[in-house]
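Single-structure report; data block below.
In the working numbering, the protein residues as written are 68 to 243.
Dropping the structure here:
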């Protein structure tokens with residue numbers, strides 16, 4: 068039976084967005100992220116990162132550096148008892164026209180296939196319009212997060228991942 072998931076952008080949603088992060092020492096989880104992910108996990112959602120990482124395609128950092136950043140983020144989450152179910156990244160530069168780069172659906176479709184996710188009952192949480200574009204393309208619901216984020220085109224907004232988790236749980240009828 069397919070699972071529900073929350074497809075999460077990485078930079079600006081899980082960890083502080085410092086631009087092109089290629090150094091694991093720069094990884095800093097945003098406040099309340101582990102708690103928010105725990106709430107979503109406890110509600111039965113798979114937790115899956117889908118992130119554009121064009122710094123690789125632009126030559127700003129290597130695939131190995133990206134992997135070190137990923138490992139550091141996952142170590143910090145694990146320190147709070149949080150485990151991701153999947154991690155998908157697009158290493159291509161915007162001009163390469165690949166199908167995995169958000170707002171295209173490649174990463175979400177691959178995650179759905181590999182992790183048996185029902186995208187129609189899943190959520191995309193991101194801090195850019197490309198994340199909402201992904202939600203539209205794959206038939207998921209979406210939430211825009213960030214300081215000062217405002218609802219757009221019927222998508223709700225929240226200041227951070229904890230706010231997004233509360234919206235998801237409310238809409239799903241899972242809040243306590």
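Beta carbons: idealized from backbone N, C-alpha and C, even for Gly.
Checklist entry - Looking only at C-alpha atoms, which of 215, 136, 189 and 135 sits nearest to residue 195? => result Of the candidates 215, 136, 189 and 135, the residue whose Cα lies closest to the Cα of residue 195 is 215.
Next on the checklist: Using 8 Å for Cβ pairs, my map puts residue 117 next to residue 76. What's the rounded Cβ distance?
Outcome noted: Contact flag correct, Cβ pair sits at about 7 Å.
Checklist entry - Is there contact between the segment 118–136 and the segment 99–107, where contact requires at least three CB pairs shorter than 8 Å? => result Not touching, per the Cβ criterion.
Checklist entry - Short check: CB of residue 169 to CB of residue 119, under 8 Å? => result Against a cut-off of 8 Å, the Cβ pair of residue 119 and residue 169 comes out as a contact.
Checklist entry - With a Cβ-Cβ cutoff of 8 Å, do residue 172 and residue 204 count as a contact? => result Less than 8 Å divides the Cβ of residue 172 from the Cβ of residue 204.
Item to check | Cβ contact check for the segment 77–90 and the segment 128–144: 3 or more pairs under 8 Å | outcome: At 8 Å Cβ cutoff, the stretches touch.
Item to check | Nearest candidate by alpha-carbon position, reference residue 231, set 158, 100 and 179 | outcome: Here the closest residue by C-alpha is 100.
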